[in-house]
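Those sequence lines, one after another, are chains A and B. Under the numbering used here, the first residue of the first sequence carries the number 4, and numbering increases by one thereafter. Under the numbering used here, the first residue of the second sequence carries the number 14, and numbering increases by one thereafter. Every residue, glycine too, gets a C-beta built ideally from N, C-alpha and C. What follows is a set of notes on a single structure, which appears directly below.
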Amino acid sequence: SAVISQKPSRDICQRGTSLTIQCQVDSQVTMMFWYRQQPGQSLTLIATANQGSEATYESGFVIDKFPISRPNLTFSTLTVSNMSPEDSSIYLCSVEDQGGRTDTQYFGPGTRLTVL
Amino acid sequence: DQQVKQNSPSLSVQEGRISILNCDYTNSMFDYFLWYKKYPAEGPTFLISISSIKDKNEDGRFTVFLNKSAKHLSLHIVPSQPGDSAVYFCAASANSGNTPLVFGKGTRLSVIA
């Protein structure tokens, strides 16, 4: 399976600021995904990041709040904009199975974000 | 409205015994199911999966059972080991992987030595 790293691993931010989270994969993958896990909740898909095209956002998530970049097949960023305490979560990136199955995904270690 | 439910937030099991983690789903279009294990400060790790054309899949100490009529699946770990202590997430997808994974809230398993 792919090796996925995320930066930063954790951060504490002030309300109203923005944070950009980086996700790096050790092999080329077509699809990368960004998830959020709020305290006590399940993992929720924010968007699918496709190289060379706009990210596809799930219901309840918008590009202005969570802009995503995907400049190449091994890297993506997620920005959490104009943060509020409700954005305090673990943010995870994932990639699809090397065989191309998008329903078997491998996850990075996550970024734990606390907004004060 | 949760489509994937893990009704037990936690489970404690003695080392060497069987751990059974349960998961229920509501969407009859789900056709692929996965279990992930998550340690603190790490991302979820893929554990085992099952397609809706099967009712059982086994990998070492881990076996997943699927009961389509009851919309229920379970993960059996036998024998349980202290290193199995983690949060286990059930996930499902529909349309042979062309729709996003839907996760349950997880069950925290503690294996007591």
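Can you tell which of the options has the C-alpha that lies nearest to the C-alpha of residue i?
i      : options                       : result
A126/B : D97/B, G117/B, A107/B, C103/B : D97/B
I7/A   : A50/A, L95/A, E61/A           : L95/A
T120/B : I66/B, S106/B, S87/B, K69/B   : S87/B
E99/A  : I15/A, V65/A, G19/A, L76/A    : L76/A
C103/B : G29/B, E71/B, V91/B, I63/B    : I63/B
S106/B : E89/A, P88/A, T107/A          : T107/A
K67/B  : G73/B, F75/B, P95/B, D44/B    : D44/B
Tell whether a beta-carbon distance below 8 Å holds between residue i and residue j.
i      : j     : result
S45/A  : F59/B : no
H85/B  : D37/B : yes
S123/B : S25/B : yes
Roughly how far, in whole angstroms, is the beta-carbon of residue i from the beta-carbon of residue j, given that I think they are within contact range, below 8 Å?
i      : j      : result
P112/A : Q9/A   : 6 Å
P11/A  : T114/A : 6 Å
Give the interface partners of residue i over in chain A, defined as CB-CB distance under 7 Å, in chain order.
i     : result
S62/B : T107
Chain B partners of residue i, CB-CB under 7 Å?
i     : result
Q44/A : K118
May I ask which residues mark the beginning and end of the beta strand (DSSP E) holding residue i?
i     : result
Q31/A : Segment: none, Q31/A is in no beta strand (DSSP E) and carries neither H nor E.
S52/B : Correcting the residue type first, residue 52/B is Tyr in the shown sequence and not Ser. Here Y52/B belongs to no beta strand (DSSP E), and DSSP marks it neither H nor E.
Q9/A  : 7–10
Just the chain A side, please: which residues come within less than 8 Å of residue i by C-beta, in chain order?
i     : result
L24/B : Neighbours of L24/B on chain A: none; closest Cβ ~16 Å, over 8 Å.
L88/B : Correct list: empty, because the minimum Cβ distance to chain A is about 16 Å.
By the criterion of Cβ-Cβ separation under 9 Å, what are the contact partners of residue i in chain B?
i     : result
F78/A : Going along chain B, no residue has its Cβ under 9 Å from F78/A, so there is no contact; the nearest lies around 17 Å.
Please list, in chain order, the chain B residues whose beta carbon lies closer than 8 Å to that of residue i.
i      : result
G113/A : A54, E55, G56
L95/A  : G56, P57
List the residues of chain A whose Cβ lies closer than 9 Å to the Cβ of residue i, in chain order.
i     : result
F13/B : Because chain B spans 14 through 126 in this model, residue 13/B falls outside it and cannot be assessed.
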